[in-house]
Amino acid sequence: MSTFTIIVILLIVLGVLLAAAGIAMGVLGRRRRRRRRAKRTDGCVTLPNGEVTPSNPVLETAPAVSISQATVVGPAAASASGGGGPAKRGTRRDDHGRLVFIQESRVRFEIEDLLRASAEVLGSGNFGSSYKATLQVGPEVVVKRFKDMNGVGREDFSEHMRRLGRLAHPNLVPLVAYLYKKEEKLLITDYVVNGSLAQLLHGNRGSMLDWGKRLRIIKGAARGLSHLYDELPMLTVPHGHLKSSNVLLDATFQPALSDYALVPVLTATHAAQVMMAYKAPECVASHGKPSRKSDVWSLGILTLEVLTGKFPACRQGRQGTTDLAGWVNSVITEERTGEVFDKDMSGGKGNEEEMLKLLRVALACCEADIDKRLDLKAALAGIEEIREPEPESSSALTGEGESKS
């Protein structure tokens with residue numbers, strides 16, 4: 001065999017070995033990426049609308065929140081910038097990239113404290129991402145990052161944040177601080193221990209919510225929404241994004257609404273795309289616009305979600321309807337009302353009439369005809385009239401359940 005032939009054979013063998021090595025590296029790379037994605041979403045539930053939310057409020061540790069090149073506004077600077085009260089004319093409200101605390105009485109922390117804090121991913125969607133930050137010294141807080149919140153300039157944004165910071169109601173999650181940067185905005189709120197209503201209803205923990213708890217959750221949500229309507233009359237939709245993942249539950253399962261009144265700081269296009277999660281018919285129609293009763297529709301869908309345990313999207317009714325209200329109406333029309341209620345909901349025995357009353361109020365909130373739909377005042381009155389069960393008829397949360405929550 002000639003020397004030339006040997007060299008050719010060696011080159012062919014070397015080429016085969018290099019190709020095999022390249023294929024092996026590609027396979028290993030894909031496996032690593034899959035493992036990283038699995039680690040990021042471990043313990044989470046992807047809801048039918050694409051949102052990622054933990055299946056259990058006790059979360060695994062995730063990468064720390066990344067907030068770079070920002071400083072905190074201390075008490076004196078916050079006062080000068082308008083934090084905690086009306087802005088003073090002629091003063092600079094807040095510099096680019098500075099963390100502004102809304103209320104003087106709140107414990108303050110530095111950006112460096114957030115960077116050092118352990119952080120857990122709470123959820124993500126087309127609106128933004130949320131993280132729980134556990135500070136070494138100080139409270140646990142939630143940091144929400146928004147990249148498409150450029151509907152207004154810095155001055156108007158700051159004024160609106162101060163307006164929200166002055167809201168005070170037990171059924172609203174208070175705004176603690178905010179950070180304005182052109183490329184992204186941060187909103188910092190209190191951490192609520194039991195996570196969101198969506199986590200419990202759709203993360204295989206719905207049995208923790210008996211009839212009594214579910215009724216109190218709806219009553220609290222309606223009261224919080226009513227307070228927004230009273231305090232923000234200039235807004236067409238004072239909440240604008242009411243859904244089960246924006247209803248947070250404390251240690252006693254009292255609800256507090258989050259992500260409210262953000263429509264004014266979004267561009268019109270982005271607001272139309274991501275707001276009004278439970279879209280009323282007037283919002284879905286071509287060139288449709290929300291009305292003062294669009295939040296009422298969302299409250300009705302939320303109530304049906306709580307009663308049925310079913311996610312609002314993708315419920316195919318017998319009459320061609322695809323929303324939860326249409327599905328419930330189709331079941332009732334066929335005189336199968338008993339099939340509507342969540343099988344995991346205990347405590348209903350002896351309270352069937354009250355459950356039906358709440359169901360009727362929810363459906364009245366979901367009238368497609370705006371003129372026939374309840375206004376918020378009437379909806380709240382109907383919900384408040386529903387009698388809560390006696391303590392002994394409402395199953396107590398076991399000690400084991402408390403330790404898991």
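Under the UniProt record's numbering, read the sequence shown as residues 1 to 405, first letter to last. Beta carbons are placed, not taken as given, at the ideal position from N, Cα and C, and that holds for glycine.
Let's test the definition: count the other Cβ atoms within 10 Å of the Cβ of residue i and tell me whether it reaches 16, buried, or not, exposed.
i           : result
Q136        : exposed
T189        : buried
S2          : exposed
M25         : exposed
L19         : For clarity, residue 19 is Ala in the given sequence; the question names Leu instead. Its Cβ having fewer than 16 others within 10 Å, A19 is exposed.
I383        : buried
F101        : buried
G300        : buried
D324        : The question names Asp, but residue 324 in the sequence shown is Leu. When all chains shown are included, L324 counts as buried.
V8          : exposed
T303        : buried
P255        : buried
residue 453 : Since the first residue of the chain shown is 1 and the last is 405, residue 453 is not available in this structure.
K182        : exposed
Three-state secondary structure (DSSP) at residue i?
i    : result
D95  : Here D95 scores only 49 on pLDDT, less than 50, and its place in the model should not be relied on; the value that follows carries that caveat. DSSP places D95 in coil when its eight states are reduced to three.
S207 : helix
G43  : For G43, the predicted structure reports a pLDDT of 44, less than 50, and the residue's modelled location is therefore unreliable. A value from the coordinates is still provided. Residue state, collapsed to three classes: coil.
T189 : strand
S258 : coil
T134 : strand
S244 : helix
K377 : helix
L172 : strand
L232 : coil
F4   : helix
V100 : strand
S226 : helix
Could you compute how far the alpha carbon of residue i sits from the alpha carbon of residue j?
i    : j    : result
V328 : V340 : 7 Å
G128 : M275 : 12 Å
L225 : V176 : 19 Å
G165 : I218 : 24 Å
K349 : K289 : 42 Å
A119 : I332 : 46 Å
C365 : D113 : 45 Å
D371 : G338 : 29 Å
E231 : A261 : 11 Å
A379 : R387 : 15 Å
E385 : L363 : 16 Å
E184 : L99  : 13 Å
G43  : L228 : Because G43 sits at a pLDDT of 44, beneath the cut-off of 50, its placement in the model cannot be relied upon, and the point is left open.
F146 : V193 : 22 Å
E104 : Y180 : 19 Å
G347 : L197 : 18 Å
S298 : V107 : 34 Å
L17  : I6   : 17 Å
How far does the beta strand (DSSP E) with residue i in it reach, from first residue to last?
i           : result
A177        : 175-180
residue 419 : No statement about residue 419 is possible, as the shown extent of the chain runs from 1 to 405 and does not include it.
K357        : From DSSP, K357 is part of no beta strand (DSSP E) but of the alpha helix (DSSP H) over 352-365.
E140        : 140-146
Note the first and the last residue of the continuous alpha helix (DSSP H) segment covering residue i.
i    : result
E159 : 154-165
D331 : According to the sequence as given, residue 331 is Val; it is not Asp. Segment 324-333, the alpha helix (DSSP H) holding V331.
E305 : 294-308
E282 : 281-284
H202 : 197-202
A251 : It is not in any alpha helix (DSSP H) - A251 carries neither H nor E in the DSSP assignment.
V274 : 268-274
Does the beta-carbon of residue i, which I'm using as the reference point, lie nearer than 7 Å to any heavy atom of the ligand HEM?
i    : result
P391 : The ligand HEM is not among the ligands present in this structure, which contains no ligands whatsoever.
Exercise. Given 8 Å as the limit, is there contact between the region 185-203 and the region 229-240, that is, 3 or more CB pairs closer than that?
Worked result: Because the criterion of three Cβ pairs below 8 Å is not met, the region 185-203 and the region 229-240 do not touch.
Exercise. For the region 298-315 against the region 349-359, are there 3 or more C-beta pairs whose distance is under 8 Å?
Worked result: By the Cβ test, the region 298-315 is in contact with the region 349-359, since at least three Cβ pairs between them sit closer than 8 Å.
Problem set entry | Three or more C-beta pairs below 8 Å linking the region 150-167 and the region 259-268 | Flag = yes, the region 150-167 and the region 259-268 touch.
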